[in-house]
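Just below is one structure, and these are the notes that go with it.
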Amino acid sequence: MNYNSCEFLASYGLSRQLPDSDRPEIVFSGRSNVGKSSLINKLCNRKKLARVSATPGKTATINFYKADAAYLVDLPGYGYAKVSNAERARWDELINSYFEADRPLCLLIQLLDSRHAPSTDDIQMMEYLRYHGIPFVAALTKADKLKKSELTACQAEFERLCAPYGCRGVFLTSAESGLGMDALRDCIEQHLNGASGDGV
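Sequential numbering of the sequence shown, starting at 1, is according to my numbering.
Now the structure itself:
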């Protein structure tokens with residue numbers, strides 16, 4: 001997949017607005033402040049493809065980005081407390097409708113902060129993925145904040161924590177240094193090839 005060709009397509013705030021899909025979808029999920037936009041930008045070698053919000057919880061839409069071989073789908077961040085119950089209910093309905101629709105979801109990348117154990121919301125999300133049989137890997141963000149001596153142990157610990165939910169791989173990543181981006185791209189390619197019947 002040519003990541004450099006990736007471009008913003010549209011944002012959708014209501015489930016009925018979601019478009020039909022004509023290609024596999026790579027989905028990004030995570031807490032409000034985990035760094036999804038920054039990771040998408042780094043993955044696609046772009047600075048402003050995905051807007052980085054200064055206010056956690058501000059992104060309340062599903063954002064679609066079009067590449068040549070797939071859509072990148074950025075789900076609304078979860079777990080931010082300063083949101084009304086009505087708004088949180090809308091988020092839940094939007095995300096549930098996305099997953100329950102018959103969409104060509106190829107792989108979900110679950111973002112987790114490498115500096116902290118998975119939150120209650122993170123665990124709930126991984127349980128949801130396991131229950132619905134959604135294939136996913138974990139991208140540990142902000143790994144540049146860790147000491148080099150901590151990286152191996154951090155990855156091993158998250159592999160242990162995520163394994164019960166069916167996680168297919170754990171990647172240390174950094175939107176600052178580019179750590180893990182090549183490995184994540186390779187993982188996406190493997191799943192895209194598998195979706196088209198050409199590979200794993």
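Glycine is no exception: its CB is placed at the ideal position from the N, C-alpha and C atoms.
Is the beta carbon of S29 closer than 8 Å to that of Q110? Yes; because the gap between Cβ atoms is below 8 Å, this pair is in contact.
Give every residue of the same chain whose Cβ lies closer than 7 Å to the Cβ of G35, excluding the five residues on either side of it in the sequence, and list them in chain order. Hits under 7 Å: L111, T141, K142 and A175.
Out of curiosity, what's the CA-to-CA distance linking R115 and E157? If I take the Cα positions, the gap works out to 11 Å.
Spatial neighbours of A67 in its chain, beta-carbon cut-off 7 Å, leaving aside the 5 residues before and after: Taken in chain order, the residues that qualify are M1, N2, Y3, S5 and C6.
I need the straight-line Cα distance from G197 to Y71, nearest angstrom please. Since pLDDT at G197 reaches only 48, below the 50 mark, its modelled position is unreliable, and no value is offered.
For L107 and V73, believed in contact at Cβ under 8 Å, the rounded distance: With 8 Å as the limit, V73 and L107 do not qualify as a contact, their Cβ atoms being about 11 Å apart.
Under 8 Å, do S11 and Y78 count as touching if we go by C-beta distance? Against a cut-off of 8 Å, the Cβ pair of Y78 and S11 comes out as no contact.
Beta-carbon within less than 8 Å of K48's beta-carbon, same chain only, minus the 5 sequence neighbours each way: which residues are those? So the list reads N41, once near-sequence residues are dropped.
So what's K145 in DSSP terms, helix, strand or just coil? If DSSP states are grouped into helix, strand and coil, K145 belongs with the helices.
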